[in-house]
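Undergrad: If you're matching positions, the sequence shown starts at 32 in our numbering and goes up one per residue. Got a structure here, written out as structure tokens. Questions coming.
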Amino acid sequence: MKIKPKSIVIVGGGTAGWMAVNSLLSSWRDTVKITLVESKDIGIIGVGEGSTPYLKQYFSSLGIKESEWMPACDATYKAGISFPDWSTKAGYESYFHPFFSKLDLKPADLFFHNSGLRRRGVKVDALPNHYFVSSQLIELNKSPVPKIDLPFDVDYGYHFDSAKLGRFLKERALKLGLTHVIGNVASVETSVDGHITAVNVEAQQSLNADFFIDCSGFKGLLVNETLGLSFCSYKDSLFNDAAVAIPTNLASHTEVPAQTVSRALTNGWSWKIPLTSRWGNGYVFSSDFISPDSAETELRAHLGLLDADIEARHLKMRVGRLNQHWHKNCLAVGLSQGFIEPLEATALMLIQFTIERFISSFEDESKSDELTKADYNKDLNKTFDGVRDYIVAHYKLNSRNDSTYWQACREDARTPDSLANLITIWDNGGDFESALKQQQDSLIYLRPSWYCLFSGMGRFPSTSIEDTQSVPAYRAKEYCQKIAKKYFISHQTQLEKIYQN
Ligand SMILES: Cc1cc2nc3c(=O)[nH]c(=O)nc-3n(C[C@H](O)[C@H](O)[C@H](O)COP(=O)(O)OP(=O)(O)OC[C@H]3O[C@@H](n4cnc5c(N)ncnc54)[C@H](O)[C@@H]3O)c2cc1C
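Take a look at the structure:
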């Protein structure tokens, strides 16, 4: 039988640590004592400014309103991600990956239909931008928050300042009774059976607990350096292992868009994230193909900052995941447990899933401790691998020929089996719907996302026959525009509403 921990020590005060502590205090506040130790010398990674719609549930599960946290974190709304320059196919040079809702049902059906026709060589439009409301919200500079209550949820995400998000969550946790220690963990003690018993903080006390959570970032102080847990690298499928970040000012009166832009560059891709206080910019690249200095120069040129005196931050990334996220009395959360490059901004979603799934593991008290951990680790691995497959697909489907990097991503990167199957079926005109259904257990991304990616990249036969019978795309676009105008207000007005509350 499992017993909930009565005392927990969390090592690390990055976004992972603060998200974990808030969820735990929300669920187990009356029965657990939590201590979080963080080092001021080491600091946090300080990037991670975009989310999936899953973050909306995080705040609502904690009972935190947008008007409380968004102004504190310079946050904006996110209706999806644009992917310019990943494809060189005419008409498909840029596509939008939208967040969906039931408002999309009608036009999206036409999109799936047209994608099917286009795969069979019929000359119809199948660019996702024309068939989803979110995409029209961006064209019209609107927010993805409906202005009236609809009888269903409309998915959207956020952009935010990660350091400010950490501070906001920290204040909240302190009010709920967290014990906060500032100092460097210098050593970790374990028992003969491999359980962690204490972390020793330099020139301070030892912190004992019956459970430990490793939120110490890429180094994995507990799971890697102490327990030596095995790591499953994704490097053979995903070549990017570094990033350079350069924030820029927001000109006054700029109306920020509710989207992230992920633009392909020569040896990776750049992100552009709108906050109310600044732009977050960066370049994710592979150091096997371009040096950090050259990547910085390329990003500066791209941002028009070649002569500007703005400091750049260089980061290394360890891409992959642990095989066991929960081992003995230790759980890894955040970068310590693994990382998939931030192309679809999935890391906070994985943090949230890791901690929520951990808490719910204690609901079935009759399940043995060992079986609980085995099931948990299996689920986490499946989730990480499912996200990886969707990210890898972007690289496999790219059609750039301007560098060996893009060619290698397409031809040399390992394609996970489940993804290879989807690509083969799509290319051969096979039953893509059935393939998605058959693999639904391992695919984290849903049907619309897969269609948007394949069609958005223009992955179709190069020759096509004239269309005689399909519904023209402009009808779908008109429909989406009408919905966008009817139910949504401008992004700027929505932000003002939330910020003034
Ligand atoms: C380039 C890049 C872009 C990203 N973009 C996104 C994005 O758009 N969306 C998204 O969801 N995620 C993104 N991420 C991931 C996201 O930044 C992280 O998942 C998130 O910030 C959580 O980090 P963390 O808390 O695990 O680690 P960190 O922020 O590194 O925190 C580690 C903590 O451990 C502490 N620590 C370390 N060693 C010790 C010690 N010895 N003693 C005491 N304390 C210690 C540190 O002081 C710090 O407080 C991105 C990551 C990268 C690299």
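C-beta atoms are modelled at their ideal positions from N, C-alpha and C, and glycine is treated no differently. Bear in mind that the values here come from a model prediction, so they are computed numbers and not experimental data.
CB-CB under 6 Å to tyrosine 89, same chain, minus the five flanking residues each way: which ones, in chain order?
TA: Closer than 6 Å at the Cβ level, and outside the excluded window around tyrosine 89, lie Gln383.
Undergrad: Looking only at its own chain, which residues have a Cβ that is under 8 Å from the Cβ of asparagine 312, when we skip the five neighbours before and after it?
TA: Cβ within range, chain order: Ala276, Ile277, Pro278, Thr279, Ser301, Trp302, Lys303, Ile304, Leu330, Leu334.
Undergrad: Rank Tyr436, Ala439, Ile34, Lys427 by C-alpha distance to the C-alpha of proline 447 and give the top, closest one.
TA: Of Tyr436, Ala439, Ile34, Lys427, the residue nearest in Cα terms is Lys427.
Undergrad: Return the CA-CA distance between isoleucine 65 and lysine 35, expressed in angstroms with no decimal places.
TA: When rounded, the distance between both Cα atoms is 13 Å.
Undergrad: What is the rounded straight-line gap between the Cα of arginine 419 and the Cα of proline 373?
TA: The alpha-carbon atoms of arginine 419 and proline 373 are separated by roughly 11 Å.
Undergrad: For ligand 1, any of its heavy atoms closer than 7 Å to the Cβ of isoleucine 390?
TA: Every heavy atom of ligand 1 is 7 Å or more from the Cβ of isoleucine 390, so no.
Undergrad: What whole-angstrom Cβ distance do threonine 257 and threonine 228 have, given they're in contact under 8 Å?
TA: 11 Å between Cβ atoms; not a contact.
Undergrad: Name the DSSP bridge partner or partners of histidine 211?
TA: Leu67, per the DSSP bridge assignment.
Undergrad: Can you check whether the CB of asparagine 429 is closer than 8 Å to the CB of tryptophan 117?
TA: Result yes, Cβ atoms of tryptophan 117 and asparagine 429 sit closer than 8 Å.
Undergrad: Whole angstroms are fine: how far does the CA of threonine 62 sit from the CA of aspartate 241?
TA: About 13 Å.
Undergrad: Should lysine 250 be listed as close to ligand 1, given that the test is whether its C-beta is under 7 Å from any heavy atom?
TA: Within the cutoff, so yes.
Undergrad: Out of Trp437, Tyr482, Asn239, which has the shortest C-alpha to C-alpha gap to isoleucine 454?
TA: Of the listed residues, the one whose Cα sits closest to isoleucine 454 is Tyr482.
Undergrad: With a threshold of 16 other CB atoms inside 10 Å of the CB of lysine 133, please say whether the residue is buried or exposed.
TA: Answer is exposed; the Cβ neighbour count stays below 16.
Undergrad: Going by other Cβ atoms of all chains shown within 10 Å of its Cβ, with 16 needed for buried, is asparagine 145 buried or exposed?
TA: Buried.
Undergrad: Once the 5 residues before and after alanine 326 are set aside, which same chain residues still bring their CB inside 6 Å of it?
TA: Around alanine 326: Val275, Tyr314, Phe316.
Undergrad: How long is the line joining the alpha carbons of phenylalanine 127 and glycine 487, rounded to whole angstroms?
TA: Rounded to the nearest angstrom, the two C-alpha atoms are 7 Å apart.
Undergrad: Would you say the beta carbon of alanine 274 is closer than 7 Å to some non-hydrogen atom of ligand 1?
TA: Indeed, a heavy atom of ligand 1 lies less than 7 Å from the Cβ.
Undergrad: Can you have a look at phenylalanine 183 and say buried or exposed, based on whether 16 or more other CB atoms are within 10 angstroms of its CB?
TA: It is exposed - the Cβ of phenylalanine 183 has fewer than 16 other Cβ atoms within 10 Å.
Undergrad: If contact is defined by three or more beta carbon pairs under 8 Å, each pair taking one atom from either stretch, is the stretch 187-196 in contact with the stretch 101-109?
TA: Contact holds: three or more Cβ-Cβ distances are below 8 Å.
Undergrad: Looking only at C-alpha atoms, which of Pro492, Val40, Ser82, Asp400 sits nearest to histidine 190?
TA: Comparing Cα-Cα distances from histidine 190 to each of Pro492, Val40, Ser82, Asp400, the minimum goes to Ser82.
Undergrad: With distances taken between CB atoms, is the gap from proline 175 to leucine 181 smaller than 8 Å?
TA: In this structure, leucine 181 does not lie closer than 8 Å to proline 175 by Cβ.
Undergrad: Please report the straight-line C-alpha distance between isoleucine 529 and leucine 381, rounded to a whole angstrom.
TA: If I take the Cα positions, the gap works out to 27 Å.
Undergrad: Mapping DSSP to helix, strand and coil, what is glutamate 256?
TA: Helix.
Undergrad: Between tryptophan 49 and the rest of its own chain, which residues show a CB-CB distance below 6 Å, the 5 nearest in sequence each way excluded?
TA: Contacts found: Gly197, Leu200, Lys201.
Undergrad: Tell me whether the beta-carbon of histidine 356 lies closer than 8 Å to the beta-carbon of asparagine 408.
TA: Yes.
Undergrad: Three or more C-beta pairs closer than 8 Å, one from the stretch 520-528 and one from the stretch 144-159: is that the case here?
TA: Counting Cβ pairs under 8 Å, fewer than three are found: no touch.
Undergrad: Which residues in the same chain have their Cβ closer than 6 Å to the Cβ of valine 23, if we skip the five residues on either side of it in sequence?
TA: Any property of residue 23 remains undetermined from this structure, which presents the chain solely from 32 to 532.
Undergrad: Cβ atoms of isoleucine 386 and valine 364: under 8 Å apart, would you say?
TA: A contact, by the Cβ cut-off of 8 Å.
Undergrad: DSSP state of histidine 161, grouped into three classes?
TA: Correct three-state label for histidine 161: helix.
Undergrad: Can you tell which of Glu497, Tyr518, Asn532, Gln531 has the C-alpha that lies nearest to the C-alpha of aspartate 156?
TA: Comparing Cα positions, the closest option is Glu497.
Undergrad: Taking the DSSP output, what are the residues bridged to glutamine 470?
TA: Answer by DSSP bridge pairing: none, since glutamine 470 is not bridged.
Undergrad: Which residue's Cα is closest to the Cα of isoleucine 73: Phe262, Pro323, Gly214?
TA: Ranking the options by Cα distance to isoleucine 73, first place goes to Gly214.
Undergrad: Out of curiosity, what's the CA-to-CA distance linking leucine 402 and phenylalanine 393?
TA: Taking the straight line from one Cα to the other gives about 12 Å.
Undergrad: Based on the DSSP output, what are the partners of glycine 81 in its beta bridges?
TA: For glycine 81, which the question treats as bridged, DSSP gives the partners His190.
Undergrad: Which full runs of the alpha helix (DSSP H) of 4+ residues lie inside the stretch 292-355, going along the chain?
TA: Runs of the alpha helix (DSSP H) inside the stretch 292-355: 323-334.
Undergrad: Quick test of your reading: lysine 266 and valine 350, contact by CB under 8 Å. State the CB separation rounded to the nearest angstrom.
TA: At roughly 6 Å, the Cβ-Cβ gap stays under 8 Å, so lysine 266 and valine 350 are in contact.
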